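Residue numbers (UniProt numbering), protein chains in the order written: chain G, 1 to 355; chain V, 1 to 255.
Ideal placement from N, C-alpha and C gives every residue a C-beta, glycine not left out.
Fair warning: this is a prediction, and the values are worked out from it, not measured in the lab.
To start, the structure itself, in structure tokens.
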Amino acid sequence: MDVNVPDARLMPATLAPPAAFSGRGRRFAWTLLLLAVAFGAVPAAIVGTGSSYLAQIAITTMIFVILSASLNHVTGTAGLLSIGHAAFYGIGAYAAALLSTKLGLPFIVTLPAAGLIAALFGFLVALPTMRLVSIYFAVATLGIGEMIYVILLNWVDFTRGPMGIRGIPPIELFGWQADTLLSRYLAVAVIAVACVWVLHRLTHSYYGNALRALREDDQCADSMGINVERLKIESFVVATFFAGIAGALLAHTSAYIAPDNFRFMESILILAMVVVGGLGSLPGAVVGALFMIVLPEALRDIGDYRMIAVGATMFLSILLLPKGMLAEGTALGFVRRSFSRGWATIAGGTPVGWK
Amino acid sequence: MSNTLLSIQGLTRRFGGLLAVSDVSATIAKGELVGLIGPNGAGKTTLFNLITGFTPPSDGTVTFDGQDVTGRKPWQIARMGMGRTFQNLRVFPNMTVFDNVSVGAVGAFGQSPWRALVNGGAHSRAVSERSWEALERVGLTAQAGDIAANLSYGKRKYLEIARALATSPRLLILDEPAAGLNDTETAELADFIRRLHAGGVTVLLVEHDMGLVMGSCSRVIVLASGRKIADGTPEAVQRDPAVLEAYLGVEDDAA
């Protein structure tokens, strides 16, 4: 089809002939495939091998998918470079750990509470720092992250400091306890999928377009009637909420947490996942988390050389794919075709807008 | 007068010792196409920023559609119906043409995250339709799926205008739209602006290009050294000795 025909009749998908049907089929195909991997193939592998090592990697991957997807929301999509994400992950983990071990609250309470407490801290951090831009905001989040780490480490009366917190009960819902490898994985996977789904709905919408506009040119977005400050705070609060949820999952699946789980290096690891996957690309953030967790494990056989191999892979992937494995533009087109719906289809079948 | 859309009174802005805009008063009525011109450094951009809320005035007031908007934030003023473009092209480069325009529509219809999560159908449809309409008005529908950075310079200008139109402006302020365009393109743009105006949009054209302003506007305001030196029809303004002096220097003395 010639795209340059000036009067080519381009019409909204609602008016388009049922060619849209094939697109719908494809959308379900991808969703089903991903759900089949998360809830079919991986559980089958865990049960089949009975390997706790495999289950642990699968759980860790799911937790980091949440962390990477949530950091992508604020850093990739809204363009606020945060290098203190692990601190909010830590706040969520400690909130869940302390609420369950000290107050005996059940998982159904500690999970949302961890998210909300992390989001509250996120809000308090966001209020004064939202006027900062680019690298200045990054340094501020670095400072906050280190502060939170030092508090977790040194407020021994409350957090037990470097000894960490032991005996955190496993995930439990209305009497059903996730005490087997499989059930632990499944519980984490269901929550991770739900988190990614919420982030998907937020970013792949016109609200998401406003977030991207912040990153592109916030002054300009301001003069389009976008309340920039509010949007920045919202994106930071959303990201820290999901970091808190990830923390609660870590606490309840590992039974033990210590401040070292939430150091600066973890923030950088999460950031690397987002960048390697593709800044601003939600599918990329998921792939990045998968890549950065699974690759070092897959390379265990080469022993001490494996971190060199991981580093080299990161270096090369950024060199060869500077926009990440799944660049934002590609990812948005893919999401519009496969998981969401474009509002209109223009010449060449390119979907535009969001439904 | 209820027909007044924008009214500025005694608008003044000092930057340290520099008086960038000094005691400027003017009004724009609904349905007008007004030009604002002045030589480099006359204070056009500062006045623009004062009106749109980017810079707070040192003194004076801005009244838009009967409401005092002095000191309001740019996004609040934009939501009241003041749309703008930028002199040095500021499209969102990594977003598609359609998504660029949709940001203006989101500004107009609201930006709540809940609508993205639940029950956002009507909101999405409104934003989509408004964005499409705006693209149709500037003739960019065929490029709707292209990345904005890949458009030609001239098309990015129209994209900026479409994005401003998507905010449903009652007053559209164009900041030097002809900058960087050749004569043919400028003529096309002038034609486009006239059609836009004929379609019912009130336009304030801040311009350097005299031809564009004189040929299109029914009224011209002239700024020089931060002061308003003339305000009238293009013919009257062109004959005004103060304007000639500001633009051409005191040539008459030498003659």
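* Asked: Using Cβ-Cβ distances below 7 Å, what residues of the region 96-112 of chain V are close to chain G?
  -> Within the region 96-112 of chain V, the qualifying residues are Thr-96, Phe-98, Asp-99, Ser-102, Val-103, Gly-104, Val-106, Gly-107, Ala-108, Gln-111.
* Smallest Cα separation from V/Ile-37: which of V/Val-138, V/Pro-177, V/Phe-192, V/Asp-183? -> If we check each option's Cα against that of V/Ile-37, V/Pro-177 comes out closest.
* Below 6 Å CB to CB, which residues in the same chain sit around V/Asp-23 once its five sequence neighbours on both sides are set aside? => Counting only residues of its own chain and dropping the five nearest sequence neighbours on each side, V/Asp-23 has a CB closer than 6 Å to the CB of Gly-10, Thr-12.
* Given a cut-off of 9 Å, decide if V/Gly-107 and G/Ala-210 are closer than it, judged by their beta-carbon atoms. => Yes, the Cβ-Cβ distance between G/Ala-210 and V/Gly-107 is below 9 Å.
* Look at G/Val-274 and G/Asn-72 and say whether their C-beta atoms are less than 9 Å apart. => In this structure, G/Asn-72 lies closer than 9 Å to G/Val-274 by Cβ.
* **Complete alpha helix (DSSP H) runs within the region 188-236 of chain V (minimum length 4 residues, chain order)** => Complete alpha helix (DSSP H) runs here, min 4: 210-216.
* Below 8 Å, can you find three or more Cβ-Cβ pairs linking the region 258-266 of chain G to the region 316-326 of chain G? -> The answer is no - the region 316-326 of chain G does not touch the region 258-266 of chain G, with fewer than three Cβ pairs under 8 Å.
* To do: For the beta strand (DSSP E) containing V/Asp-23, list its first residue and its last residue.
  => V/Asp-23 -> beta strand (DSSP E) spans 18-29.
* Asked: Per DSSP, V/Gln-9 is paired with what?
  -> According to DSSP, which records beta bridges pairwise, V/Gln-9 is partnered with V/Thr-61.
* Given 8 Å, three or more beta-carbon pairs between the region 178-190 of chain G and the region 112-122 of chain G -> Of all C-beta pairs linking the region 178-190 of chain G to the region 112-122 of chain G, fewer than three are shorter than 8 Å, placing the two stretches out of contact.
* Asked: If you draw a straight line from the alpha carbon of G/Glu-229 to that of V/Gly-145, how long is it in whole angstroms?
  -> Those two C-alpha atoms are separated by around 29 Å.
* Helix, strand or coil for V/Gly-180 per DSSP? -> Here V/Gly-180 sits in coil by DSSP.
* Bridge partners - G/Phe-262, DSSP secondary structure assignment -> G/Phe-262 is not bridged to any residue.
* Local Cβ density within 10 Å of G/Phe-236, reported as buried at 16 or more and exposed below that -> Buried is the call here.
* **Proximal residues to V/Tyr-158 (C-beta, below 8 Å), its chain only, five neighbours per side dropped** => Exclusion of the five residues before and after V/Tyr-158 leaves Val-138, Gly-139, Leu-140, Phe-192 as the residues of its chain whose Cβ lies within less than 8 Å of its Cβ.
* To do: Let me know the beta strand (DSSP E) ranges lying completely inside the region 167-234 of chain G, each 3 residues or longer, listed in chain order.
  => Counting only unbroken stretches of 3 or more residues, no beta strand (DSSP E) element lies wholly within the region 167-234 of chain G.
* Asked: Going by the CB atoms, is the gap between V/Lys-30 and V/Arg-170 shorter than 9 Å?
  -> Yes, Cβ-Cβ distance for V/Arg-170 and V/Lys-30 is below 9 Å.
* Residue from V/Ile-173, V/Asp-65, V/Tyr-247 whose Cα sits closest to the Cα of V/Leu-196 -> It is V/Ile-173 whose Cα lies nearest to the Cα of V/Leu-196.
* **Distance between V/Gly-110 and G/Ser-338 (C-alpha atoms, nearest Å)** => About 27 Å.
* To do: Give me the Cα-Cα distance between G/Gly-329 and G/Ala-86, rounded to the nearest whole angstrom.
  => Approximately 27 Å, taken between the alpha carbons.
* Can a CB atom of chain V be found closer than 9 Å to the CB of G/Asn-209? -> G/Asn-209 counts as touching chain V.
* To do: Select from the region 214-237 of chain G all residues with a C-beta closer than 7 Å to any C-beta belonging to chain V, and list them in chain order.
  => Listed in sequence order: Glu-216, Asp-217, Cys-220, Ala-221, Asp-222, Ser-223, Met-224, Gly-225, Ile-226, Asn-227, Val-228, Leu-231, Glu-234.
* Test: V/Val-127 CB closer than 9 Å to a CB of chain G -> Yes, contact with chain G.
* To do: Have a look at G/Val-150, G/Phe-28, G/Val-74, G/Ile-165 and flag the residue whose alpha-carbon is nearest the alpha-carbon of G/Leu-99.
  => Looking at the Cα atoms, G/Ile-165 is the closest of the given residues.
* Asked: Touch check for the region 35-53 of chain V and the region 69-89 of chain V: three-plus C-beta pairs under 8 Å?
  -> A contact exists between the region 35-53 of chain V and the region 69-89 of chain V.
* Nearest to G/Leu-182 (by Cα), restricted to the options G/Tyr-207, G/Arg-341, G/Tyr-53, G/Ala-347 -> For G/Leu-182, the closest of G/Tyr-207, G/Arg-341, G/Tyr-53, G/Ala-347 by C-alpha to C-alpha distance is G/Tyr-53.
* **Residue burial classification, G/Trp-155 (beta-carbon count within 10 angstroms, cutoff 16)** => With fewer than 16 other beta carbons inside 10 angstroms of its own, G/Trp-155 counts as exposed.
* Pick from G/Val-133, G/Pro-106, G/Lys-102, G/Pro-112 that is closest to G/Ser-82, judged by C-alpha positions -> Of the candidates G/Val-133, G/Pro-106, G/Lys-102, G/Pro-112, the one whose C-alpha sits nearest the C-alpha of G/Ser-82 is G/Val-133.
* May I ask you to list, following chain order, the residues of the region 72-94 of chain V that have a beta carbon less than 7 Å from some beta carbon of chain G? => From the region 72-94 of chain V, only Pro-74, Trp-75, Ala-78, Arg-79, Arg-84, Phe-86, Arg-90, Phe-92, Pro-93, Asn-94 have a Cβ closer than 7 Å to chain G.
* Asked: Which of the three DSSP states, helix, strand or coil, is assigned to V/Gln-143?
  -> Here V/Gln-143 sits in helix by DSSP.
* **Status (buried if at least 16 other CB within 10 Å, exposed otherwise) for residue 376 of chain G** => Because chain G spans 1 through 355 in this model, residue 376 of chain G falls outside it and cannot be assessed.
* **DSSP-derived helix/strand/coil call for G/Gln-56** => Residue state, collapsed to three classes: helix.
* Reduced DSSP secondary structure (H/G/I, E/B, other) of V/Leu-36 -> Annotated three-state conformation of V/Leu-36 is strand, per DSSP.
* Should V/Ile-147 be flagged as near chain G, meaning a C-beta pair shorter than 9 Å? -> It does: the Cβ of V/Ile-147 has a partner Cβ on chain G nearer than 9 Å.
* Could you give the DSSP three-state label for V/Gly-83: helix, strand or coil? => Of the three classes helix, strand and coil, the one that applies to V/Gly-83 here is strand, per DSSP.
* Using a Cβ-Cβ distance under 9 Å, would V/Ala-179 count as near chain G? -> Among the CB atoms of chain G, none fall inside 9 Å of the CB of V/Ala-179.
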